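Comments concern the structure below.
Number of protein chains: 2
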Amino acid sequence: MKLDKSLLSGSTGLLVLKLLEDGDKYGYQMTEELRRRSDKTFELKSGTLYPLLHTLEQKGYITAWEEASDSSRPRRYYHLTDTGRKHLAEKEQEWRTYADAMVKVLKGGEGYA
Amino acid sequence: MKLDKSLLSGSTGLLVLKLLEDGDKYGYQMTEELRRRSDKTFELKSGTLYPLLHTLEQKGYITAWEEASDSSRPRRYYHLTDTGRKHLAEKEQEWRTYADAMVKVLKGGEGYA
DNA sequence: TTGACTTATGTCGATATTCGATATATCATG
DNA sequence: CATGATATATCGAATATCGACATAAGTCAA
């Protein structure tokens with residue numbers, strides 16, 4: 225089944241921050257883990273992920289550090305800051321509020337009309 | 225609490241079609257009913273609603289008819305077509321899939337790492 | 001009666017989000 | 001040695017939403 229990607233847009237930041245709650249991770253790893261944890265529902269594209277990570281870093285929610293490596297291209301690990309952790313908690317609450325409201329509307333309007 | 229409007233963006237079309245499932249409605253009425261049924265969580269702006277209605281009409285999901293009136297500005301009522309009804313069912317299913325995946329990710333990754 | 005508020009539909013430009021395409025580079029596997 | 005996986009990144013296009021603005025009729029109180 226082809227899913228409309230825009231159905232939950234705006235929540236990608238929340239998902240990424242949530243992944244970092246468990247510990248530092250690098251971009252590609254996040255893509256993989258998100259696919260796994262969501263049973264292939266969320267497939268983050270590189271064109272979405274990397275600009276998003278830069279934005280989250282600019283906002284102070286995450287910080288980056290580079291894995292030391294001689295030969296190959298270094299991995300950029302990201303770390304969830306205290307500010308990011310607070311922001312994540314707020315966003316999680318917001319999502320629950322929205323999801324609850326959605327359920328209410330989808331339940332039907334028989335009792336209202 | 226100020227809610228981030230973009231958190232569930234993309235689902236507005238689904239909400240509007242859902243409202244029309246109960247019967248024909250006009251734009252302003254949808255705004256009111258959506259606010260009521262969602263306990264003030266969803267507040268549809270006119271700048272969002274009217275262009276959206278025109279788009280849904282173009283796609284054949286809804287049809288419009290004007291309330292007969294001599295003096296005042298006529299209300300534009302919208303009707304859910306069969307195509308729209310099918311589309312609504314698909315979108316509802318998609319939303320449930322996404323919401324389920326969201327819950328899985330937000331549950332935490334302890335069991336995965 | 002005048003001013004404010006609600007009802008009602010609509011456009012426009014700005015902003016944000018996401019995707020697809022493209023680019024680059026390393027490593028493992030056949 | 002070519003293909004695919006790993007890994008990060010940019011760019012332009014498409015889309016969604018909002019805030020501001022415009023218009024116009026009805027209601028209600030000072």
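For the record, the sequence lines run as chains A and B. Going by my numbering, the first residue of the first sequence is number 225, and it counts up by one from there. Going by my numbering, the first residue of the second sequence is number 225, and it counts up by one from there. Built from N, CA and C at the ideal position, the CB exists for glycine as well. If you're wondering where the values come from, they're calculated on a predicted model, not measured in any experiment.
- DSSP places R261 of chain A in no beta strand (DSSP E) but in the uninterrupted alpha helix (DSSP H) bounded by G251 to R261.
- The Cβ-Cβ distance between R260 of chain B and E267 of chain B does not fall below 8 Å.
- A straight-line Cα-Cα distance of about 26 Å links L239 of chain A and K331 of chain A.
- Proximity of chain B to S270 of chain A at the Cβ level (cut-off 7 Å) is not reached, the minimal Cβ distance being about 19 Å.
- Residue nearest to A323 of chain B within the set A:E257, A:L244 and A:T265 is A:T265 (criterion: CA-CA distance).
- Between the region 239 to 248 of chain A and the region 307 to 315 of chain B, the count of Cβ pairs shorter than 8 Å is below three; the stretches do not touch.
- Residue range D306 to L330 is occupied by the alpha helix (DSSP H) that includes E316 of chain B.
- Rounded to whole angstroms, the gap between the alpha carbons of E316 of chain A and G271 of chain B is 27 Å.
- Here R300 of chain B is not near G237 of chain B, since their CB atoms are 8 Å or more apart.
- Counting only residues of its own chain and dropping the five nearest sequence neighbours on each side, W319 of chain B has a CB closer than 7 Å to the CB of S235 and L238.
- Counting of Cβ neighbours within 10 angstroms places V329 of chain A among the buried residues, the total reaching 16 or more.
- Going by DSSP, E290 of chain B is part of the beta strand (DSSP E) stretching over I286 to E290.
- Among the residues of chain B, those whose CB is under 8 Å from the CB of D263 of chain A are A325 and K328, following chain order.
- Taking the C-beta atoms as reference points, A325 of chain B is found no nearer than 8 Å to Y302 of chain B.
- By the neighbour-count criterion, in which 16 or more other beta carbons inside 10 Å mark a residue as buried, T279 of chain A falls on the exposed side.
- Under a criterion of Cβ atoms nearer than 9 Å, the residues of chain B adjacent to L239 of chain A are, in order, M326, V329 and L330.
- Secondary-structure assignment with DSSP links H303 of chain B through a beta bridge to B:T287.
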